[in-house]
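Chemist: Letter by letter, the sequence shown follows residues 194 to 296 of the working numbering.
Once you've had a glance at the structure underneath, I'll fire off some questions.
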Amino acid sequence: MKHLLILIIPSILLLTSPLFGQETGVLYQYRTSTGLQWKTFGDGKVQPKYEGEIIYGEPNGQGIYTNPDGRKYVGKFKDGEYHGHGTYISPDGDMYVGEFSNG
């Protein structure tokens, strides 16, 4: 029984950790009737594209957001939005480097 608990407790801690479910990949942003959604398929020439850390199907952590209109953001994301330190570059080349909060 003691050996079983030694195996079960670390497994529970690992599975409930925020790192579980985290991956790195590419997502595309779609505008729908219910708001913005992230999907694993798309065309970066049409939809905004995200490359970076993903948790539960949304940008979370470090990543790069590139919009077909020329906007770009490199930095931290939380729940699919700019959040934390990052760099935003507008289509005309203007740049903001600093802290972002909830997009």
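Ideal Cβ positions, reconstructed from N, Cα and C, are used throughout, including at glycine.
Values in this document were obtained by computation on a predicted structure and should not be read as measured data.
I need the straight-line Cα distance from Pro284 to Asn260, nearest angstrom please.
Modeler: Distance between the alpha carbons of Pro284 and Asn260: 9 Å.
Chemist: Would Gly218 and Ile247 qualify as a contact pair, given that the criterion is a beta-carbon distance under 8 Å?
Modeler: Yes.
Chemist: Would you list the one or two residues that DSSP bridges to Val239?
Modeler: None, per the DSSP bridge assignment.
Chemist: Take the Cβ of Asn295 as the centre, count every other Cβ of all protein chains shown within 10 Å, and call the residue buried at 16 or more, exposed below.
Modeler: So Asn295 counts as exposed.
Chemist: According to the neighbour-count rule (16 or more other Cβ atoms, all chains shown, within 10 Å of its Cβ), is Gly220 buried or exposed?
Modeler: Looking at the sequence itself, residue 220 is Leu, so the reference to Gly does not match. Under this definition Leu220 is a buried residue.
Chemist: Whole angstroms are fine: how far does the CA of Thr280 sit from the CA of Lys242?
Modeler: Each residue's Cα considered, the two are about 16 Å apart.
Chemist: Suppose you measure from the CA of Gly268 to the CA of Phe234; what does that come to, to the nearest Å?
Modeler: If you take the alpha carbons of Gly268 and Phe234, they lie about 22 Å apart.
Chemist: What do you get for Gly141, buried or exposed, if any count of 16 or more other CB atoms within 10 angstroms of its CB means buried?
Modeler: Only positions 194 to 296 of the chain appear in the structure, and residue 141 is not among them; the question remains open.
Chemist: Is DSSP giving Asp264 helix, strand or coil here?
Modeler: Note on identity: in this sequence residue 264 is Arg, with Asp being the wrong assignment. Note: Arg264 maps to coil in three-state DSSP.
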